[in-house]
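A.B. asks: Protein chains in written order, with the working numbering: chain A, 4 to 130; chain B, 55 to 957.
The beta-carbon is built from N, C-alpha and C at its ideal position, and this holds for glycine as well.
Quick caveat, the model's predicted, so the values are computed rather than measured.
Let me give you the structure first, and then I'll get to my questions.
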């Protein structure tokens, strides 16, 4: 398994810390931003292989960020996992319709998250 | 052949011509080619107002008092302008209800009252008789003038009585004209045509004689004026000669206006005989012109008479005769004759109809023994009554003529009549426009009016004629000065007629108003009042019909009164209207009974018709009670529907309230959802960290100790955060439900503030925040729950710590007094709160926290909890700009009473 680049977007420092630890342990190259504005800036750079995106971000929300991401050709095939602390079914539908590959509700099982991340990176599409 | 013979022959020939004209008009009408269906004919027929009084009396009056004759024509002129209003309504009502006379009209308005109808009839008889006498006197006088004194004496010696002869002749004529058929509403077209013709004749005669007198005898208006001035008679041209005060002008004009409306002959031609309502429009302007034309030569002729040293009522005749101008004398004679005959014919026919329909027939029908409604000779009886009435009226007129002093001017007699008939006007006019006017009021008004008429006009006339003691006039009865007939209760300085008008009409109106307002009308009256005042209402109303009767019974009844021909025509018409033939065995319905009653009313008047129909289908006829029941039902229905409307409005209001409440609830529900979602989010966030690190610790037993330590610290921190959140949620729900337990005591706010600062010290130092304080008070006693206020302060301090910039964070804490309050102010140099969110930050999880951070550090409930705690102790919290550049949270709390009193 080759190293993949993973972008983490979340404003909770502790959650970012734990995700970084987990993804690094899984052998990936990790990069993180903690607010919407920084995330928007990041869209100008080279796309990663996978994004873990929190829905409720200060400034700009995760859905909007996802839409803009998908509007860029080079970001179109990036795998995206939406993280949310709000587990409404309608939001889940919305996220998937916008092009998320996975919708994960907090708190999540770390093992399960790693398994899904790896699966996505290996080409499996689970909707 | 002497003059008398010629005069008689001329008169007879003239009357014969009139009769032929009338006959011709009737024939034409029967053939459907009406001669009278023209507005000009209608207007000319109104000329029946101008009688021998106009022809002779006005001239006599003008010779004495100049233009004093004018008000008698001003009144009708005013009324003529009101035709399109007043007479329009009179016409609509009388056509809608088949009314036959003024008495019938008034009686029908006040509940088809036989009493009032009879009363009005008597008033009209009283008012018409002197008027007829006036005409007889004029015609007799004119005949004798033609004759010369010598011949007159000879004739008298022969036992002949000119006036009696004239009376008999005119009675005959009226009978021929006016009582050929029973239906009084069927138009007497022949009579109207003859009257219109007579109006032309008298106008032409007056103008011709006037022109002859002015130009033939004097040489024109200029010469006349010159001679009048030379003779010192010019004062006759001014108002002073009339001897009238303004009150007199008003009184006379009012009198003439009212008389013009209610005089039986005027009501006959203007209302009963009207063929088309539209004719009123023409008459409204043409009739005043007619009055103007016929009065044009009154004053000139009078002046010429004065110049010749003459006066009196016969100037129109005497002047041509004196000049030996026989043609013009004859013309004047014919003019006067035509004026008199027209009045007598129409007036007697009108009054005779009243007598039969409103006086005699109701009386006869009330006598059950006669069984009148079952007898076949009724139509003949009605006509017989009318013919008898005409003859009796004529003889009564003759009687008055004989009794009245020979030197009584024509005008006096006319005015006495006017005042009598005008007593009916209040009942008519109020009845037409005021629904409350009732029978008792009308009878009282009429009674009082007639009493005063008798006392103020008839009594003085009788006294002057020597029939009563003359001292009555000067000293009053029994020497009571106040009761002098011509200066009642000290009302002096007025013309006797004005005096009578003011008293009789004034008392009449007052009695009508007062009695009407203080008594209740019976059901039939109220119904009739409704129909007359709102004339359209009756046409639409449907009477309830609860009885049973067969068409055959109604047919039989109608046939007795109307004859078989008209009855058959009536039922054919009704059948056509229903679209099927009415069979004798059919049941009659309310509409048919109503139509039948109306048809009968055309013949015998409303009062009699009601009695007649009531006698045949007694107990079944839709009486006023059932009618009123219907009205009651209607008004109940209206009331019910109004209640329903009110109910539905209430319901609408309730529905609106419900909708609003529902919206509020839904809003609250949404808020609650939002709250739960937010709380859930707030719970999930620390839980996520906790779970992640716990799993990391579980799955990576080989972690470096430092890292393990760090992760455990994070878990501990997040657990604490979770605990705080749970505390806040519980606090808030207790605060909002009012179930918080308070430990209230007297405390020192300065001490609490310092304690809070110590507690938050670790947090602040950890963030590197530099703290400054400014406590203006050594002690700040207040009544509060110490732990809760401490919680508020800690919350605010830790917020400031959280939002402090990573480096160079600053916090300034201030305590001072603000009036009877303490003010605590906590300022930071963090990002601050935008002004539009400064209220919202105190709402739990509301936009403030969300928009500001989306994920508020802390529970997002802290400020809401602070606000609720402070509110409990009458404190207030708000957010404003900080001098340090960030946010400033301030709150106040009231100082303890002791301190306030001391301070």
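1) What residues match up with residue 107 of chain A in a beta bridge as DSSP calls it?
2) What are the complete beta strand (DSSP E) segments, minimum 3 residues, inside the stretch 35-89 of chain A?
3) Are the C-beta of residue 738 of chain B and some C-beta of chain A separated by less than 8 Å?
4) I'd like to know if residue 84 of chain A contacts chain B, where contact means its C-beta is closer than 8 Å to some C-beta of that chain.
5) Thinking C-alpha only, which one of A:18, A:15, A:57 and A:51 is nearest residue 124 of chain A?
6) Starting from residue 808 of chain B, follow the alpha helix (DSSP H) in both directions and report where the run begins and ends.
7) Tell me, please, which residues DSSP counts as bridged to residue 875 of chain B.
8) With 9 Å as the C-beta to C-beta threshold (strictly closer), list the residues of the stretch 96-112 of chain A near chain B in chain order.
9) Indicate whether residue 949 of chain B and residue 874 of chain B have their beta-carbon atoms separated by less than 8 Å.
10) Kindly list, in the order they appear in chain B, the residues whose Cβ is closer than 8 Å to that of residue 15 of chain A.
11) By how many angstroms is the C-alpha of residue 916 of chain B removed from the C-alpha of residue 26 of chain A?
12) Please look up how many angstroms separate the CB atoms of residue 107 of chain A and residue 86 of chain A, rounded, as I've assumed it's under 8 Å.
13) Just to confirm, are residue 126 of chain B and residue 257 of chain B a CB contact at a threshold of 8 Å?
14) Is residue 24 of chain A close to chain B, meaning its C-beta is less than 8 Å from at least one C-beta of that chain?
15) Using a Cβ-Cβ distance cut-off of 8 Å, determine whether residue 6 of chain A contacts chain B.
16) Using CA atoms only, rank isn't needed, just tell me which of B:630, B:650, B:178 and B:611 is closest to residue 412 of chain B.
17) Assess contact between the stretch 602-612 of chain B and the stretch 184-204 of chain B, defined as three or more Cβ pairs (one per stretch) separated by less than 8 Å. Is contact present?
18) Measuring CB to CB, does residue 667 of chain B end up less than 8 Å from residue 654 of chain B?
19) Would you kindly work out how many angstroms separate the C-alpha atoms of residue 591 of chain B and residue 151 of chain B, rounded to a whole number?
20) Measure the alpha-carbon distance for residue 624 of chain B versus residue 454 of chain B and round it to whole angstroms.
21) Determine, using beta carbons only, whether residue 839 of chain B and residue 798 of chain B come nearer to each other than 8 Å.
22) Can you give me the start and stop residues for the beta strand (DSSP E) that residue 829 of chain B sits inside?
23) Please work out which residues of its chain come closer than 6 Å, Cβ to Cβ, to residue 828 of chain B, disregarding the five sequence neighbours upstream and downstream, and give them in chain order.
24) Of the choices B:176, B:550 and B:582, whose alpha-carbon is the least far from that of residue 298 of chain B?
25) Does the stretch 366-386 of chain B come close enough to the stretch 153-170 of chain B that 3 or more CB-CB pairs lie under 8 Å?
26) So if DSSP puts residue 942 of chain B in a beta bridge, which residue, or which two residues, is it bridged to?
27) Verify the CB distance criterion: does residue 857 of chain B have a CB-CB separation below 8 Å to chain A?
28) With DSSP as the reference, please indicate the residues paired to residue 838 of chain B in a beta bridge.
29) Beta-carbon of residue 88 of chain A versus every beta-carbon of chain B: anything under 8 Å?
30) Looking only at its chain, what residues have a beta carbon closer than 6 Å to the beta carbon of residue 569 of chain B, apart from the 5 residues adjacent to it on each side?
31) Between residue 21 of chain A and chain B, is any beta-carbon pair separated by less than 8 Å?
32) Quick one: measure Cβ to Cβ for residue 933 of chain B and residue 943 of chain B, integer angstroms, because I've assumed they're closer than 8 Å.
33) Report all residues from its chain with a CB closer than 6 Å to the CB of residue 892 of chain B; omit the five preceding and five following residues, and keep chain order.
34) State buried or exposed for residue 543 of chain B, treating a residue as buried only when at least 16 other CB atoms are found within 10 Å of its CB.
35) Thinking C-alpha only, which one of B:245, B:525 and B:181 is nearest residue 72 of chain B?
36) What's the C-alpha gap between residue 787 of chain B and residue 21 of chain A?
C.D. replies: Let me spell this out:
1) Residue 107 of chain A pairs with A:86.
2) 53-57 and 82-87
3) yes
4) With 8 Å as the cut-off, residue 84 of chain A does not count as an interface residue toward chain B.
5) Taking only the C-alpha atoms, the option nearest residue 124 of chain A is A:51.
6) Counting along the chain, the alpha helix (DSSP H) containing residue 808 of chain B begins and ends at 803-813.
7) B:872 and B:948
8) 108, 109, 110, 111 and 112
9) yes
10) 739, 742, 743 and 909
11) Cα atoms of residue 26 of chain A and residue 916 of chain B: separation of roughly 35 Å, rounded to the nearest angstrom.
12) 5 Å
13) no
14) yes
15) By the rule that beta-carbons nearer than 8 Å mark a contact, residue 6 of chain A does not touch chain B.
16) B:178
17) no
18) yes
19) Note on residue 591 of chain B: pLDDT 43, under 50, position unreliable in the model; the coordinate value appears next. Between residue 591 of chain B and residue 151 of chain B, the C-alpha separation is close to 12 Å.
20) 44 Å
21) yes
22) 824-829
23) Cβ contact annotation for residue 828 of chain B (same chain, cutoff 6 Å, sequence separation greater than five): 868, in chain order.
24) Nearest C-alpha to residue 298 of chain B: B:550.
25) no
26) B:881 and B:934
27) no
28) Residue 838 of chain B pairs with B:799.
29) yes
30) 494, 495 and 498
31) yes
32) 6 Å
33) 933
34) exposed
35) Of the candidates B:245, B:525 and B:181, the one whose C-alpha sits nearest the C-alpha of residue 72 of chain B is B:245.
36) Counting only the Cα atoms, residue 21 of chain A lies some 33 Å from residue 787 of chain B.
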